[in-house]
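>
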Ligand code: DGY
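In my numbering, the protein residues as written are 1 to 324.
Have a look at this one:
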């Protein structure tokens, strides 16, 4: 067997078949456990490898890259890449890749899962039932949620995932409005059934507001106390984008005071930590950053990350097709 010139580090457990394909080309050091690593730990892990597959919890910056002369490529498991300091990677001449497209539809599905669950109080009702509180009758005016069908869906951030969220609204007979820095071409707006509005109008009119914008210094706290104050008290807010886009403390306050009906959050400021006030609230549905987590999509993301890494290291064929 030919010796393998490259070594790669995989920062979290990955599908065995993807690791096996990768191992057909390169030496693979794969972690069997997951966890937040300090910059020092990341620096040590990356010191003697040519490439790495990492997750969104691994922050790669100048501190982590300091002194590294070997690393050539980083494959991020996710479309978002705010965990990567791109100027630092560019300065170190390290290629960085992400996994767009393969997760678009699954992530859009999840926006709807959160919307339905938050608007119709699914999490709270399930907790109540499991706790054994349902004895015989129930008040007819109890467990009232808010409707989704026939309402106005607002989308902040109208990239691929935002557009996929919009397309699903047809079956719910909703009006769709969106705000994006740049307006979409008219043909795409028509196809998505969505109309561009100013951000303040989006906040005022949306009954269900889905956040799908990338995280950056500009989008930090795009939804804070001032924005929440403009929303309807009957509105539902859904964040499938990134923690930090919402000021979680201000959101918890608005939910607690009934200034917003409900929220569904898949991402959090400072995750995996949760703002303690969110944990106490019944009108918020919480999930641990799993919008892309369907069996099909997570496999596709892992394969794409492996293919990206191999391509960046100069291997032509795909990871699904190892050399004999
Ligand atoms: C992404 O790809 O950025 C998602 O957050 C992963 O679930």
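C-beta atoms are modelled at their ideal positions from N, C-alpha and C, and glycine is treated no differently.
Note that this is a predicted model, so its numbers are computed, not measured.
From residue 174 to residue 281, what does the alpha carbon distance come to, in whole angstroms?
As a position in the chain shown, residue 174 is number 174, starting the count at 1. As a position in the chain shown, residue 281 is number 281, starting the count at 1. Looking at the two C-alpha atoms, the distance is approximately 28 Å.
> On the CB-based measure, 16 or more other CB atoms within 10 Å of its CB, does residue 154 come out buried or exposed?
Mapped onto the chain shown, residue 154 falls at position 154. Note on residue 154: 16 or more other CB atoms within 10 angstroms of its CB, so buried under the neighbour-count rule.
> For residue 319, which residues of its own chain have a beta-carbon under 7 Å away from its beta-carbon, when the five flanking residues on both sides are left out?
Here residue 319 is taken as the residue at index 319 of the chain shown, counted from 1. No answer about residue 319 holds up, because its pLDDT of 49 lies below 50 and its placement is not dependable.
> What does the Cβ neighbour count give for residue 208, buried or exposed, with the cut at 16 atoms within 10 Å?
Residue mapping note: residue 208 aligns to position 208 of the chain shown, counting from 1. Counting every other CB atom within 10 Å of its CB across the protein chains shown gives residue 208 a total of 16 or more, marking it as buried.
> Across the region 257-264 and the region 225-233, are there enough close Cβ pairs to call them in contact, namely three or more that are closer than 8 Å?
Yes, the region 257-264 is in contact with the region 225-233.
> Just the Cα atoms here: how many angstroms apart are residue 61 and residue 243?
Working through the chain shown from its first residue, we reach residue 61 at position 61. Working through the chain shown from its first residue, we reach residue 243 at position 243. Approximately 19 Å, taken between the alpha carbons.
> Taking 7 Å as the cut-off, is the beta-carbon of residue 291 closer than that to any non-hydrogen atom of the ligand DGY?
Locating residue 291 in the chain shown gives position 291, counting from the first residue. At least one heavy atom of the ligand DGY is nearer than 7 Å to the Cβ of residue 291, so yes.
> Run the proximity test for residue 65: is its beta-carbon closer than 7 Å to any non-hydrogen atom belonging to the ligand DGY?
On the chain shown, position 65 is the one that residue 65 refers to. Residue 65: no, Cβ never under 7 Å from the ligand DGY.
> So, for residue 176: in the same chain, excluding its five sequence neighbours on each side, which residues have a beta-carbon less than 6 Å away from its beta-carbon?
Numbered from 1 along the chain shown, position 176 holds the residue referred to as residue 176. So the qualifying residues of the chain are 153, 166, 169, 193 and 194.
> The ligand DGY and residue 103: does any heavy atom of the ligand fall closer than 7 Å to the residue's C-beta?
By one-based count along the chain shown, residue 103 stands at place 103. Yes, the ligand DGY has a heavy atom inside 7 Å of this Cβ.
> If you compare alpha carbons, which of 314, 299 and 283 is closest to residue 126?
The residue you call residue 126 lines up with position 126 of the chain shown. Out of 314, 299 and 283, 283 has the C-alpha closest to the C-alpha of residue 126.
> According to DSSP, simplified to helix, strand and coil, what is residue 178?
As a first step, residue 178 is located in the chain shown; it is residue number 178 there, counting from the start. Reduced to three states, the DSSP call for residue 178 is strand.
> Do you know whose CA, among 26, 197 and 96, lies nearest residue 183's CA?
Position 183 of the chain shown, counted from the first residue, corresponds to residue 183. Of 26, 197 and 96, the residue nearest in Cα terms is 197.
> Where does residue 123 fall in DSSP's three states?
Taking the first residue of the chain shown as 1, we reach residue 123 at position 123. Of the three classes helix, strand and coil, the one that applies to residue 123 here is helix, per DSSP.
> Tell me whether residue 165 counts as near the ligand DGY, meaning its Cβ is closer than 7 Å to at least one heavy atom of that ligand.
By 1-based counting over the chain shown, the position of residue 165 is 165. Result no, Cβ not under 7 Å from the ligand DGY.
> The ligand DGY and residue 56: does the residue's C-beta get closer than 7 Å to at least one heavy atom of that ligand?
Counted from its first residue, the chain shown places residue 56 at position 56. In this structure, residue 56 has its CB closer than 7 Å to one or more heavy atoms of the ligand DGY.
> To the nearest angstrom, how far is the alpha carbon of residue 106 from that of residue 293?
Counted from its first residue, the chain shown places residue 106 at position 106. Counted from its first residue, the chain shown places residue 293 at position 293. So the two alpha carbons sit approximately 8 Å from each other.
> From which residue to which residue does the beta strand (DSSP E) around residue 264 run?
In the chain shown, residue 264 corresponds to position 264, counting from 1. Its beta strand (DSSP E) spans residues 262-265.
> Please find out if some non-hydrogen atom of the ligand DGY comes closer than 7 Å to the beta-carbon of residue 78.
Counting from 1 along the chain shown, the entry for residue 78 is found at position 78. The answer is yes for residue 78.
> I need the boundaries of the beta strand (DSSP E) containing residue 98, first residue and last residue.
Translated into positions along the chain shown, residue 98 becomes position 98. That residue, residue 98, is in no beta strand (DSSP E); it is neither H nor E in DSSP.
> Nearest by alpha-carbon distance to residue 299: which of 214, 15, 52 and 189 is it?
Counting from one through the chain shown, the residue named residue 299 turns up at place 299. Considering only alpha carbons, the answer is 15.
> Output the distance between the C-alpha atoms of residue 100 and residue 216, rounded to the nearest integer angstrom.
The sequence position of residue 100 within the chain shown is 100, counting from 1. The sequence position of residue 216 within the chain shown is 216, counting from 1. The straight-line gap from Cα to Cα measures roughly 18 Å.
> Could you name the residues of the same chain whose beta carbon sits closer than 6 Å to that of residue 77, not counting the 5 residues immediately before and after it, in chain order?
Here residue 77 refers to the residue found at position 77 when the chain shown is read from its first residue. So the qualifying residues of the chain are 55, 301 and 305.
> Can you name, in chain order, every residue of its own chain whose Cβ lies under 6 Å from the Cβ of residue 324, other than the five neighbours on each side?
The residue labelled residue 324 in the question sits at position 324 within the chain shown. Low per-residue confidence applies at residue 324: pLDDT is 44, beneath 50, and the placement is therefore not dependable enough to give any value.
> Roughly how many angstroms separate the alpha carbons of residue 58 and residue 181, rounded to a whole number?
For the purposes of this step, residue 58 is taken as residue 58 along the chain shown, with counting starting at 1. For the purposes of this step, residue 181 is taken as residue 181 along the chain shown, with counting starting at 1. Near 28 Å, if we compare the C-alpha coordinates of residue 181 and residue 58.
> When burial is assigned at 16 or more other CB atoms within 10 Å of the CB, is residue 138 buried or exposed?
Here residue 138 corresponds to residue number 138 of the chain shown, with the count starting at 1. Answer is exposed; the Cβ neighbour count stays below 16.
> Rounding to the nearest angstrom, what Cα-Cα distance links residue 360 and residue 83 in this structure?
Residue 360 falls outside the range modelled here, since the chain spans only 1 to 324, and no answer is possible.
> From the DSSP output, which residues share a beta bridge with residue 9?
Here residue 9 refers to the residue found at position 9 when the chain shown is read from its first residue. DSSP output for residue 9 lists 29 and 52 as bridge partner(s).
> CB residue 157 to CB residue 212, shorter than 8 Å?
Translated into the one-based positions of the chain shown, residue 157 becomes position 157. Translated into the one-based positions of the chain shown, residue 212 becomes position 212. Going by C-beta atoms, residue 157 is nearer than 8 Å to residue 212.
> Report all residues from its chain with a CB closer than 6 Å to the CB of residue 148; omit the five preceding and five following residues, and keep chain order.
As a working note, residue 148 is residue 148 in the chain shown. Excluding residues within five positions, the ones whose Cβ falls inside 6 Å are 119 and 172.
> Which of helix, strand or coil does DSSP assign to residue 153?
As a working mapping, residue 153 is identified with position 153 in the chain shown. Residue 153: strand per DSSP, three-state reduction.
> In terms of residue numbering, what span does the beta strand (DSSP E) encompassing residue 73 cover?
The count along the chain shown starts at 1 and reaches residue 73 at position 73. Here the beta strand (DSSP E) through residue 73 covers 73-76.
> With respect to the alpha helix (DSSP H) encompassing residue 18, which residues constitute its N-terminal and C-terminal limits?
The count along the chain shown starts at 1 and reaches residue 18 at position 18. Taken as a continuous stretch (DSSP letters only), the alpha helix (DSSP H) holding residue 18 covers 16-23.
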